[in-house]
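Trainee: Everything in the sequence shown is counted per this note's numbering, starting at 287 for the first residue and increasing by one. Each residue gets a CB set at the ideal place from its N, CA and C atoms; glycine is no exception.
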Amino acid sequence: MQGASTALGPSVVLEARVARWAVRIHAARVLEVIPRVALVPLPGAPLGARGVIDHRGAAAVVIDLRERFGADAPTRRWDPFVVVEGTPRLALVVDEVRGVGALPDDVVIASDLPTARIAGVTLGDDGAALLVDPGALLDEAEVAQLRAALEAREGEA
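1. Using alpha carbons as the reference points, say which of V316, I339, S297, V304 lies closest to L436.
2. Considering G406, what are the terminal residues of the alpha helix (DSSP H) in which it resides?
3. Spatial neighbours of A324 within its chain, please: C-beta separation below 8 Å, excluding the five flanking residues on both sides.
4. Closest to V347 by CA distance: which of T373, F355, A357, E353 is it?
5. Do R310 and V319 have their beta-carbon atoms positioned less than 8 Å apart in this structure?
6. Just grab the DSSP bridge partners of F355 for me.
7. Please report how far the alpha carbon of V429 lies from the alpha carbon of R375, in whole angstroms.
8. How would you label V369, buried or exposed, when you count the other beta carbons within 10 angstroms and need 16 or more for buried?
9. I need the straight-line Cα distance from A308 to E301, nearest angstrom please.
10. What does DSSP give as the partner residue(s) for R315 in the beta ladder?
11. Starting from E371 and walking both ways along the beta strand (DSSP E), at which residues does that stretch end?
12. Determine the direct distance from the alpha carbon of D412 to that of H341, and round the result to whole angstroms.
13. Rounded to a whole number of angstroms, what is the C-alpha to C-alpha distance between V316 and E371?
14. Could you tell me the alpha carbon to alpha carbon distance between S291 and L423, rounded to whole angstroms?
15. Return yes when the Cβ of Q431 is within less than 8 Å of the Cβ of A344, no when it is not.
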């Protein structure tokens with residue numbers, strides 16, 4: 287499989303699982319996969335923002351993808367974090383990381399997906415998977431809400 291390329295980035299993706307969904311995240315956006323670490327709660331943060339962690343000296347906001355995608359199953363305390371670049375830096379909670387692979391050639395980028403948090407759906411040999419764009423997980427109002435919560439947290443320290 288040659289692999290596709292989209293406006294979101296190169297053709298290499300990190301493959302993971304979140305609840306009942308297979309997900310793919312462009313590997314160029316991934317800084318690191320880390321085991322779950324203790325987090326500091328972040329009052330006033332938007333839906334799915336569980337708290338903040340220190341990732342190599344920088345704050346990373348922990349986003350529970352199960353909650354963002356409307357999954358009923360609770361997050362387990364051993365679920366790993368996929369730390370992705372961005373402003374703010376995010377640590378995405380996934381159930382498991384399956385590996386790295388090529389983005390399948392059949393990528394459906396659709397503006398009529400049920401949520402703007404999904405960049406598209408990929409169709410590969412292993413079935414369909416949600417293509418997650420970390421930059422689309424939070425809208426402008428939620429980013430502002432996060433910044434205010436982070437500033438309030440820093441003011442308490």
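Mentor: If we stick to the structure as given:
1. I339
2. Note, G406: premise wrong, no alpha helix (DSSP H); beta strand (DSSP E) at 404–410.
3. I339
4. T373
5. no
6. In the DSSP output, where bridge partners are listed per residue, F355 has none listed.
7. 11 Å
8. buried
9. 7 Å
10. In the DSSP output, where bridge partners are listed per residue, R315 has none listed.
11. Taken as a continuous stretch (DSSP letters only), E371 belongs to no beta strand (DSSP E), as it is neither H nor E.
12. 32 Å
13. 6 Å
14. Bear in mind that the predicted position of S291 carries a pLDDT of just 48, short of 50, making it too unreliable to give a figure here.
15. no
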